[in-house]
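Working notes, structure below.
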Amino acid sequence: MPELPEVETVARGLRGVLPGKSITGARIGKSDFIDDVAALERLLPGARISAVRRHGKFLLLDLESPSAEPRSLCLLIHLGMTGRLVVCPPDAPIAPHTHVFFALDDGSELRYTDIRRFGKMRLLVDGVNGANGGGDAVLAALGADPLEASEAEFAGRMRGRRARIKALLLDQRVLRGMGNIYTDESLWRARIHPMRLGANLSGEEMRRLYRAVRDVLAEAIRFRGSSVSDYVDSSGQPGWFQQRHRVYRRAGKKCFRCGGTIGRATVAGRSSYFCPRCQPAPRKRRRAK
DNA sequence: AAGATTACCTGAAGGC
DNA sequence: TGCCTTCAGGTAATCT
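In terms of this note's numbering, the first sequence is residues 63 to 351.
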């Protein structure tokens, strides 16, 4: 579910309430999405939250430990498809599939709910995770933030790639934060068919795509993200950007730009929506005999 | 070895 | 009503 605009909205919400508060207790139910449950239960109580950050689709809670041993902690949270992170009073009704409860020293509670448990939670201790010193390798492997990258960097990361442009936009090692919704919306805005190969985009098309990605993400953040099924922000409120979608889940409806009929196809293993008139399909290469 | 497919988990929606 | 299949915004592992 959550892509960059949704995670950014959650991060901003948490940033308004969490920094300065301490975790007083950690209660964990189902835990197959947590790297090291014992570490969370042992190290988090007493820790004070100093900052909330976003890195691609990851949320990062920076914490200061009360003890001298591990000084700094960083709780890394990925919401997967159905993850929710909400701050509420401790007596608020518990949503089904709520698996983690962090009690906070002001009496409130930070809860993690995740129906499908595709999310991830792991604790980085003094910047390093686990026994083999894996560090924040997960974060280091991520590509450029689409809102921070220059046009040259954006284009450079796609250049020469024979993969479909849709697959490249979705690849977190190329760009961090894009998902299925914003990829389709961006390609529509740039008038580029999702099946085009990255290497075949002209300089002009690449420039349009760069602009489209930034405009779509920025606008989606202003609308507090898209609530298609499960997404809500840190206070439990839905986003509104789904009302501005131009192609996503609009198969059979009219294109807002040319009046053509929005189509749907599987590209890069994901269902993809596009206007076959404004986003011309790549010409099939004739098979050599 | 890059690119494509499959697996993971639960729930909602559609067909019969 | 109910049973069955398909699909869902995420990545990671496995193939070719």
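Glycine included, each C-beta is placed from N, C-alpha and C at the ideal position.
query	result
Where in the stretch 117-177 do unbroken runs of the alpha helix (DSSP H), each at least 4 residues long, occur, reported from the N-terminal end onward?	none
Could you tell me which of Pro152, Ser129 and His255 sits nearest to Gly169, measuring between CA atoms?	Pro152
Enumerate in chain order the residues of its own chain whose CB-to-CB distance from Gly325 is below 8 Å, with the five nearest sequence positions on each side excluded.	Ala313, Tyr335, Phe336, Cys337 and Pro338
DSSP has Leu186 in a bridge; who is on the other side?	Cys136
Consult DSSP for Arg253 and reduce its assignment to one of helix, strand or coil.	coil
Pick helix, strand or coil for Ile324, following the three-state DSSP scheme.	coil
Can you give the Cα-Cα distance for Leu66 and Met240, rounded to whole angstroms?	6 Å
What are the start and end residues of each continuous alpha helix (DSSP H) run of 4 or more residues lying completely inside the stretch 240-299, in chain order?	242-252 and 265-284
Near Ile243, what residues of its chain come up, given a Cβ to Cβ distance below 8 Å and the 5 sequence neighbours on each side ignored?	Glu65, Ser288, Val290, His307 and Tyr310
Taking all protein chains shown into account, decide if Gly78 is buried (16 or more other Cβ within 10 angstroms of its Cβ) or exposed.	exposed
Can you tell which of Leu230, His161, Met143 and Ser264 has its C-alpha closest to the C-alpha of Glu68?	Met143
Excluding the 5 residues flanking Val278 on each side, which residues of the same chain have their C-beta closer than 8 Å to its C-beta?	Tyr244, Glu247, Ser248 and Arg251
Identify the continuous alpha helix (DSSP H) that holds Phe216 and give its terminal residues.	Glu213 to Met220
Starting from Ile96 and walking both ways along the alpha helix (DSSP H), at which residues does that stretch end?	Looking at the DSSP string, Ile96 is not in any alpha helix (DSSP H), and its letter there is neither H nor E.
Excluding the 5 residues flanking Cys320 on each side, which residues of the same chain have their C-beta closer than 7 Å to its C-beta?	Cys337, Arg339 and Cys340
Tell me whether Ser248, by its Cβ, gets closer than 7 Å to a heavy atom of the ligand ADP.	With respect to the ligand ADP, the structure shown offers nothing to examine, as it has no ligands at all.
Pick from Ala330, Val162 and Ile139: whose alpha carbon is nearest that of Cys150?	Val162
Hey, how far is the Cα of Arg349 from the Cα of Ser264?	With a pLDDT of only 44 at Arg349, under the threshold of 50, the placement of this residue in the model should not be trusted; the figure read from the coordinates follows. Spanning the two alpha carbons is a distance of roughly 23 Å.
Report all residues from its chain with a CB closer than 6 Å to the CB of Glu103; omit the five preceding and five following residues, and keep chain order.	Ala88
By Cβ distance, which residues of its chain are closer than 7 Å to Ala157, with the 5 residues on each side in sequence left out?	Thr175
Quick one: what's got a C-beta closer than 6 Å to Ala217's C-beta in the same chain, skipping five residues either side?	Met268
Whole angstroms is fine: what's the gap from Ala214's alpha carbon to Arg74's?	29 Å
Tell me whether Lys92 is buried or exposed, calling it buried when 16 or more other Cβ atoms sit within 10 Å of its Cβ.	exposed
For Ala343, tell me which candidate among Cys317, Val236, Arg226 and Leu186 has the shortest Cα-Cα distance.	Arg226
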